[in-house]
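>
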Amino acid sequence: ATDALELKTVPKRLLVMGGGIIGLEMGTVYHALGSEIDVVEMFDQVIPAADKDVVKVFTKRISKKFNLMLETKVTAVEAKEDGIYVSMEGKKAPAEAQRYDAVLVAIGRVPNGKNLDAGKAGVEVDERGFIRVDKQLRTNVPHIFAIGDIVGQPMLAHKGVHEGHVAAEVIAGMKHYFDPKVIPSIAYTEPEVAWVGLTEKEAKEKGISYETATFPWAASGRAIASDCADGMTKLIFDKESHRVIGGAIVGTNGGELLGEIGLAIEMGCDAEDIALTIHAHPTLHESVGLAAEVFEGSITDLPNAKAKKK
Numbered sequence: 001a002t003d004a005l006e007l008k009t010v011p012k013r014l015l016v017m018g019g020g021i022i023g024l025e026m027g028t029v030y031h032a033l034g035s036e037i038d039v040v041e042m043f044d045q046v047i048p049a050a051d052k053d054v055v056k057v058f059t060k061r062i063s064k065k066f067n068l069m070l071e072t073k074v075t076a077v078e079a080k081e082d083g084i085y086v087s088m089e090g091k092k093a094p095a096e097a098q099r100y101d102a103v104l105v106a107i108g109r110v111p112n113g114k115n116l117d118a119g120k121a122g123v124e125v126d127e128r129g130f131i132r133v134d135k136q137l138r139t140n141v142p143h144i145f146a147i148g149d150i151v152g153q154p155m156l157a158h159k160g161v162h163e164g165h166v167a168a169e170v171i172a173g174m175k176h177y178f179d180p181k182v183i184p185s186i187a188y189t190e191p192e193v194a195w196v197g198l199t200e201k202e203a204k205e206k207g208i209s210y211e212t213a214t215f216p217w218a219a220s221g222r223a224i225a226s227d228c229a230d231g232m233t234k235l236i237f238d239k240e241s242h243r244v245i246g247g248a249i250v251g252t253n254g255g256e257l258l259g260e261i262g263l264a265i266e267m268g269c270d271a272e273d274i275a276l277t278i279h280a281h282p283t284l285h286e287s288v289g290l291a292a293e294v295f296e297g298s299i300t301d302l303p304n305a306k307a308k309k310k
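Mapping to full-length UniProt numbering: the sequence shown position 280 is 280, numbers consecutive.
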């Protein structure tokens with residue numbers, strides 16, 4: 001991704017290897033600059049970490065801009081005088097090798113712990129290259145701390161900043177710890193895909209009995225007026241306690257709307273807490289409250305599936 005920012009010219013045809021967040025973000029940038037974008041992804045959806053229903057909304061919109069080749073992988077890359085020729089195999093693979101002006105490899109980041117010579121200071125680096133730390137960001141050497149990507153997933157700037165705060169406070173003598181309930185993830189694409197807390201897949205893996213509630217932006221006056229009515233806000237609730245345990249938003253500026261959901265999870269809010277909070281109208285932000293109303297069965301902006309029939 002760093003190399004992609006250093007290109008001297010805008011490639012006419014760009015292949016993005018990997019349909020994760022970084023690849024799609026860079027594809028979004030270069031599409032805006034005029035590039036023709038192909039994305040090859042070995043899984044059956046882009047952004048594999050996100051829930052399928054959320055990605056489905058995103059894919060429908062992005063397919064108008066990108067040529068998505070899912071369940072497909074690259075088998076050979078050959079640089080020639082007139083471009084880079086790429087051969088692929090899989091469900092959406094073209095029969096012949098395709099010529100591109102540039103190829104972006106966006107299949108993940110590798111920790112560089114073994115390149116830091118941390119071992120010379122006695123700091124332990126695991127086999128993958130990560131440095132292990134405790135909840136105060138201390139390494140196995142008590143006076144040496146580590147933060148950011150080097151200490152493990154998720155590799156996100158806002159996570160690293162908070163780790164830095166905690167490490168500095170601990171060094172200053174405070175009894176602080178890095179122990180967040182949730183860390184938000186956002187794909188800065190158009191539309192944006194943002195989620196925080198548990199996904200449905202994670203809830204299933206943890207054996208949590210859950211229920212989802214979604215509010216389609218097609219029912220939002222603000223979204224209709226802003227030409228982004230194809231978005232969606234989704235909340236995931238613990239079925240027994242009714243507490244919100246996760247949420248996702250796909251739509252224009254979706255990442256800007258995620259904060260309330262993250263705070264609700266940290267504070268242990270239930271659906272009623274969110275539904276009874278008055279949200280400004282007309283806003284995209286009110287879709288969070290309306291999704292909670294869907295779960296509660298108090299929604300009036302949509303047909304109420306939970307309404308009690310007399």
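Every residue gets a Cβ at the ideal spot worked out from N, C-alpha and C, and that includes glycine.
Could you give the uninterrupted runs of the alpha helix (DSSP H) lying entirely in the stretch 160-235, keeping only those of 4 residues or more?
Listed in chain order, the complete alpha helix (DSSP H) runs (minimum 4 residues) inside the stretch 160-235 are 200-205, 221-225.
> Just how far apart, CA to CA, sit D117 and A50?
Distance between the alpha carbons of D117 and A50 is about 36 Å.
> Could you name the residues of the same chain whose beta carbon sits closer than 7 Å to that of I144, not counting the 5 residues immediately before and after it, in chain order?
Around I144: A121, V123.
> Does the stretch 192-203 come within contact of the stretch 244-257, defined as at least 3 CB pairs closer than 8 Å?
Touching, yes, given that three or more Cβ pairs across the two stretches are closer than 8 Å.
> Out of G297, E200, G254, which one is the CA nearest neighbour of W217?
It is G254.
> On the three-state DSSP scale, how would you describe K239?
K239: coil per DSSP, three-state reduction.
> Checking 9 Å against the spacing of the C-beta atoms, do R132 and V151 come in under that value?
Result yes, Cβ atoms of R132 and V151 sit closer than 9 Å.
> Could you pull out every residue in the same chain whose Cβ sits closer than 7 Å to the Cβ of V125, ignoring the five residues on either side in sequence?
So the list reads G113, K114, A118, G119, I131, once near-sequence residues are dropped.
> Measure from the alpha carbon of S185 to the alpha carbon of each residue in P48, I274, L14, then state which is nearest.
Nearest C-alpha to S185: P48.
> Please go through the stretch 267-302 and give each complete alpha helix (DSSP H) segment of 4 or more residues, from N-terminal end onward.
For the stretch 267-302, whole alpha helix (DSSP H) runs of length 4 or above, ordered along the chain, are 271-275, 286-296.
> Using the Cα positions of K204 and D44, report the straight-line distance between them to the nearest angstrom.
Rounded to whole angstroms, K204 to D44 spans 19 Å at the Cα level.
> With a floor of 3 residues, list each beta strand (DSSP E) that falls wholly inside the stretch 5-64, ordered by position along the chain.
13-17, 36-41, all fully within the stretch 5-64.
> Can you grab the Cα-Cα spacing for the pair G83 / K56, in whole Å?
Using only the alpha carbons, I get a separation of about 33 Å.
> What separation, rounded to the nearest whole angstrom, lies between the Cα atoms of P11 and P154?
So the two alpha carbons sit approximately 31 Å from each other.
> Which residue marks the beginning of the beta strand (DSSP E) containing G246, and which one marks its end?
Where G246 is concerned, the enclosing beta strand (DSSP E) stretches over 244-251.
> How far does the beta strand (DSSP E) with M155 in it extend, from its first residue to its last?
Note, M155: premise wrong, no beta strand (DSSP E); not H, not E.
> According to DSSP, is E78 part of a helix, a strand, or is it coil?
It is a strand residue.
> V105 lies in the beta strand (DSSP E); which residues open and close that run?
Counting along the chain, the beta strand (DSSP E) containing V105 begins and ends at 102-105.
> Bridge partners of Q98, per DSSP?
Note: Q98 sits in a beta bridge opposite V86.
> Hey, quick one: how far does the beta strand (DSSP E) through N67 stretch, first residue to last?
Note, N67: beta strand (DSSP E), 66-70.
> Just verifying my parser: in three-state terms, what is the DSSP assignment at I147?
DSSP places I147 in coil when its eight states are reduced to three.
> Suppose the cutoff is 6 Å on Cβ atoms and the five residues either side in sequence are ignored; what does the same chain contact list for A167 look like?
Within the same chain, A167 has close Cβ partners L137, F145, I147.
> Thinking just about the alpha-carbon of each residue, which of E266, F215, V182 is nearest to the one in K234?
Of E266, F215, V182, the residue nearest in Cα terms is F215.
> Suppose contacts are defined by Cβ-Cβ distances below 9 Å. Is I37 in contact with V54 by that definition?
No.
> What three-state label does DSSP hand K120 in the structure shown?
In the structure shown, K120 sits in a helix (DSSP, three-state: H, G or I).
> Tell me whether V141 is buried or exposed, calling it buried when 16 or more other Cβ atoms sit within 10 Å of its Cβ.
Counting Cβ neighbours within 10 Å, V141 comes out exposed, since fewer than 16 surround it.
> Taking its Cβ as the centre, do 16 or more other Cβ atoms sit within 10 Å of K135, making it buried, or is it exposed?
Exposed.
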